[in-house]
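Student: Residue numbers (our numbering): 7 to 205.
My structure is below; once you've seen it, I'll send some questions.
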């Protein structure tokens with residue numbers, strides 16, 4: 007059996023390869039990739055959207071810090087943390103394009119209200135993170151529950167920033183950069199339970 011660090015490293019590497027490959031495809035097939043995700047107009051985002059983003063990041067990270075592996079790894083800068091930081095950038099960009107820009111813009115074109123878009127985006131984001139539960143149903147429910155709220159919060163920021171994706175990406179990268187690799191390691195060690203850590 008592989009160590010928890012080795013399994014965590016393999017999971018993060020797989021995420022980087024799969025999501026990074028798709029991102030590279032999008033990058034090379036888009037006319038102006040960075041402008042399309044909002045980084046050229048970042049200064050136009052309202053102070054209220056920035057405030058909600060800061061509140062979301064602080065509350066989510068504070069909640070995740072209740073998990074011992076997250077606390078231990080949050081500022082433990084080693085090879086695994088550096089890989090997790092790269093993974094945070096890749097998944098932050100990839101998942102925000104997928105769950106906010108593509109999904110929510112499609113729902114808007116179909117006539118759905120902002121509220122429904124936020125709920126659907128949060129649900130899709132939560133269900134996509136169901137896999138973090140590993141073999142434990144309690145951990146899967148826990149991951150889905152918390153990532154639903156994170157996804158809905160990021161969707162709210164997307165709406166508040168006039169569909170500028172840049173702030174969502176920044177918030178997502180900061181959250182993931184702080185809580186990983188600790189959260190993945192907790193899943194690998196089967197320590198995630200219903201709304202709390204298993205002993």
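Note that beta-carbon positions come from the ideal geometry of N, C-alpha and C, so glycine has one too.
For clarity, every value in this text was computed on a predicted model and none was experimentally measured.
(1) Closer than 8 Å by C-beta to residue 7: which residues in its own chain qualify, once you throw out the five before and the five after it? Chain order, please.
(2) Which runs of the alpha helix (DSSP H), 4 residues or longer, sit entirely within the segment 46-81?
(3) First and last residue of the alpha helix (DSSP H) that includes residue 157?
(4) Tell me the rounded alpha-carbon separation between residue 83 and residue 56.
(5) Is the beta carbon of residue 162 less than 7 Å from the beta carbon of residue 124?
(6) If distances are taken between C-alpha atoms only, which option among 178, 16, 174 comes closest to residue 89?
(7) Residue 127 to residue 27, Cα distance in whole Å?
(8) Per DSSP, what kind of secondary structure is residue 211 in: helix, strand or coil?
(9) When the Cα atoms are used, what is the spatial distance from residue 76 to residue 65?
(10) Report the three-state DSSP secondary structure of residue 198 (helix, strand or coil).
(11) With 16 as the cutoff for other CB atoms within 10 Å, does residue 41 come out buried or exposed?
(12) For the alpha helix (DSSP H) that contains residue 206, what are its first and last residues?
(13) Which residue from 187, 80, 195 puts its Cα closest to that of residue 19?
(14) Count the other C-beta atoms from every protein chain shown that fall within 10 angstroms of the C-beta of residue 44, then say buried if there are 16 or more, exposed otherwise.
(15) CA-CA distance, residue 195 and residue 102?
(16) Smallest Cα separation from residue 130: which of 154, 177, 182, 178?
(17) Helix, strand or coil for residue 116 per DSSP?
Tutor: On the basis of the data shown:
(1) Residue placement at residue 7 cannot be trusted, given a pLDDT of 48 that sits under 50; what the coordinates show is reported in the next sentence. Correct list: empty, nothing qualifies.
(2) 53-70, 74-79
(3) 143-166
(4) 27 Å
(5) yes
(6) 16
(7) 23 Å
(8) Because the chain is modelled from 7 through 205, residue 211 falls outside the range shown and cannot be assessed.
(9) 14 Å
(10) strand
(11) exposed
(12) It is not possible to answer for residue 206, since the shown part of the chain is limited to 7 through 205.
(13) 187
(14) buried
(15) 28 Å
(16) 154
(17) coil
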